[in-house]
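Using my numbering, the letters of the sequence shown map in sequence onto residues 1 to 321.
Beta carbons are placed, not taken as given, at the ideal position from N, Cα and C, and that holds for glycine.
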Amino acid sequence: MRILLTGSAGLCGSAIQALFADETNKPSTETTLHCSTSSDTDLCNTASTEALFERVQPSHVIHCAARVGGLFKNQREPVEMGRLNLLMQDNIFESCKKHGSRLIIFLSTCIFPDKTSYPINESMLHDGPPHPSNAAYAYSKRFAETMSHAYRSEYSLDSICVIPTNLYGPNDNFELQDAHVIPALIHKAILAKRAGEKLIVAGSGKPLRQFLYSKDLAILILLLLKHYDSSKGPIIISPSPDSEVSIGDVARLIATFTGLGEENIVFDTSKSDGQNKKTADNLKLKSFLAEHAPSFAFTPLEEGLRATCQWMESHFDTCRK
Ligand code: GDP
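In structure tokens:
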């Protein structure tokens, strides 16, 4: 395997790189990993994407690069959230077609219909409009799933659409305004502790989320790359539906692990709650794991959160923020 990893410095990409640093995790001894970030290649540009593929000649592509952000970035920059993902995806699909590369591409559980029944499963992706707060991002990612089918039927391209729940871990983007909830709250909690102030949590704290540790996703991606039959369609990567936690509980854990103390939290209900929940089913993943990795276990939220808080504290000056 010659694997091209786009977005290799990001949350998911860096977790995959870290796995490869340990030889025993490589799918085979002949496997090589070729990393790419926005500093070497503009994936929105067709010629530079194709030049990257010419250079690497990948047999497999893990396309982690994407325009992503939390609720508030989606509300502020809907054009970039939609357009840049569409451009990147288009170039990646075309170059994979040309080079015959097996592709893994990422969607998200936040792109499912807003009004739906729970738990959501892979077959419900196009059943109704997404939540208005992230419609442009959601439709750009839904289109990747549509094109995955289209490229398969017209060009026999082998692509897997992976749908993770809310991802978190080291090397995330910790920007105060634009980040997802966990990195934003860790950053805010560390600043609040230093200043002797309160942690302001946006919204009511009541929405529910299923959080996924980036190292777990990286392990599962390598398994899917090797074993998943892509004709079975997209696959949700999620701990079980009963692993949902409220934003308020996550904020309390973060306040504890950063040493701020959970008594120092305030909820700002003038801010949006976004989607109330997006409870995802993991039956397809469970049946895949039963066959290919029966001993796999998700990292408990407390363990992953504690490690991520420690990582942010120790990389405070250099991390993306
Ligand atoms: P989502 O899961 O796609 O909605 O994305 P986020 O990771 O941005 O999570 C949004 C949820 O966390 C909403 O319920 C927000 O009200 C809540 N939240 C609380 N504080 C923050 C914060 O500082 N940043 C973000 N992004 N969300 C926050």
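query: Can you have a look at K98 and say buried or exposed, based on whether 16 or more other CB atoms are within 10 angstroms of its CB?; result: exposed
query: Counting Cβ pairs, one atom from each stretch, are 3 or more of them under 8 Å apart for the segment 142 to 149 and the segment 274 to 291?; result: no
query: Under the rule that 16 or more other beta-carbon atoms within 10 Å means buried, what is V250, buried or exposed?; result: buried
query: Is the number of C-beta pairs between the segment 37 to 50 and the segment 190 to 208 that are closer than 8 Å three or more?; result: no
query: Tell me where the alpha helix (DSSP H) around H149 begins and ends.; result: 135 to 155
query: For A280, does the count of other Cβ atoms within 10 angstroms reach 16, so buried, or fall short, so exposed?; result: buried
query: Span of the alpha helix (DSSP H) holding V79?; result: 78 to 99
query: Rounded to the nearest angstrom, what separates F257 and G304 at their Cα positions?; result: 11 Å
query: Between T32 and F93, what straight-line distance do the alpha-carbon atoms span, to the nearest angstrom?; result: 21 Å
query: Could you tell me the boundaries of the beta strand (DSSP E) in which E317 lies?; result: The amino acid at residue 317 is misidentified as Glu; the sequence shows Asp. That residue, D317, is in no beta strand (DSSP E); it is neither H nor E in DSSP.
query: For E262, which residues of its own chain have a beta-carbon under 7 Å away from its beta-carbon, when the five flanking residues on both sides are left out?; result: R252, A255, T256
query: Is the segment 108 to 125 touching the segment 135 to 145 in the sense that three or more CB pairs, one from each, lie closer than 8 Å?; result: yes
query: Could you tell me how far apart the beta carbons of T269 and G203 are, in whole angstroms, since I believe they sit closer than 8 Å?; result: 7 Å
query: Quick check: what's the CA-CA separation for V61 versus A195?; result: 44 Å
query: Expressed to the nearest angstrom, what Euclidean distance is found between the alpha-carbon atoms of H34 and F267?; result: 44 Å
query: Using DSSP bridges, identify the partner residues of D268.; result: A202
query: Within the same chain, show all residues whose beta-carbon is closer than 6 Å to that of I190, passing over the 5 residues directly before and after it, in chain order.; result: T258
query: Taking its Cβ as the centre, do 16 or more other Cβ atoms sit within 10 Å of S14, making it buried, or is it exposed?; result: buried
query: At what residue ranges does the segment 157 to 236 contain a whole run of the alpha helix (DSSP H), taking only runs of 4 or more?; result: 181 to 195, 214 to 227
query: What residue does the alpha helix (DSSP H) around S112 start on, and which one ends it?; result: The amino acid at residue 112 is misidentified as Ser; the sequence shows Phe. Taken as a continuous stretch (DSSP letters only), F112 belongs to no alpha helix (DSSP H), as it is neither H nor E.
query: Can you have a look at S238 and say buried or exposed, based on whether 16 or more other CB atoms are within 10 angstroms of its CB?; result: buried
query: Do N173 and ligand 1 come close, with the Cβ less than 6 Å from some heavy atom?; result: no
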